[in-house]
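Colleague:
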Amino acid sequence: MKGTAAIERVARVVVLLACAWFAFTAFWGVCSTPGGGHLGAGSAGNVMAAEQMLKWHIIYPAWDWYDGQPPPKISYICHHPFGQYWVPAVFLAVFGHHDFVVRLPAALMSAAIPPLLYGIGREKWGVSAGAVAAASYVVIPIAVGFSQFLNLETFCIFGALLFFWGHTRHMVTGKRRHLVASLVGLCFACSGDWAGYL
């Protein structure tokens, strides 16, 4: 039993380090000006499309940012579900026009991913398996690189994990809050991209 307790303590330390590392990567430079390229410009583009909804009181995200008039319906963005636009619209409405609004939603979702992986793994296979799940995710280069990316990938990963964590906890505890967390996760996954429906 002493060996098992020691392994579980080590596993918990690994989880804490993994969560701290990934939160650090997600929040690093969150207040700086978004960069170019796919990650920086893609996130900024989503926020700009979300801004159209607030500015013109429409439910669709839209292109034609610089026209100074309501976008025509041909400019509405309808090839992905709208979650990746509605969430930044809420952040814009609450915080206003700041550089951190571009990265903050993705950073918050990303920082929650390792604890969710740990919680799912711990519940199903024990503390060590949960630690391995969390630690494995945080060292994948694309996961680190996308940790601030406000796009469909982050929404789907976060939503799917919240769904499975909430479902797992609900099956064990029967508590309504876990069922609600699972349903919120389902909404995030499905509003992120079509893959969320799978």
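According to our numbering, the residues represented by the sequence shown are 17 to 214, in order. Cβ atoms here follow ideal geometry from the backbone N, Cα and C, with glycine treated the same way. Remember, predicted model here, so these are calculated numbers, not experimental data.
Flag this pair as yes or no: are the beta carbons of ALA34 and TYR153 separated by less than 9 Å?
Modeller: Their beta carbons are under 9 Å apart, which means ALA34 touches TYR153 by this criterion.
Colleague: Just the C-alpha distance for ALA176 and HIS183, rounded to the nearest angstrom, thanks.
Modeller: About 10 Å.
Colleague: Taking Cβ positions, are LEU178 and GLY142 nearer each other than 9 Å?
Modeller: No, Cβ-Cβ distance for LEU178 and GLY142 is not below 9 Å.
Colleague: Buried or exposed for TYR134, going by 16 or more other Cβ atoms inside 10 Å?
Modeller: Flag for TYR134 reads buried.
Colleague: For TYR92, which of helix, strand or coil comes out of DSSP?
Modeller: The answer is strand: DSSP assigns TYR92 an E or B state.
Colleague: Terminal residues of the continuous alpha helix (DSSP H) containing THR170?
Modeller: 168–189 is the extent of the alpha helix (DSSP H) around THR170.
Colleague: Thinking C-alpha only, which one of ALA150, LEU166 and ILE136 is nearest ALA36?
Modeller: Out of ALA150, LEU166 and ILE136, ALA150 has the C-alpha closest to the C-alpha of ALA36.
Colleague: For the alpha helix (DSSP H) that contains ILE74, what are its first and last residues?
Modeller: No alpha helix (DSSP H) holds ILE74; DSSP gives it neither H nor E.
Colleague: Can you tell me the Cα-Cα spacing of LYS140 and SER198, whole angstroms?
Modeller: Roughly 16 Å separates the two Cα atoms.
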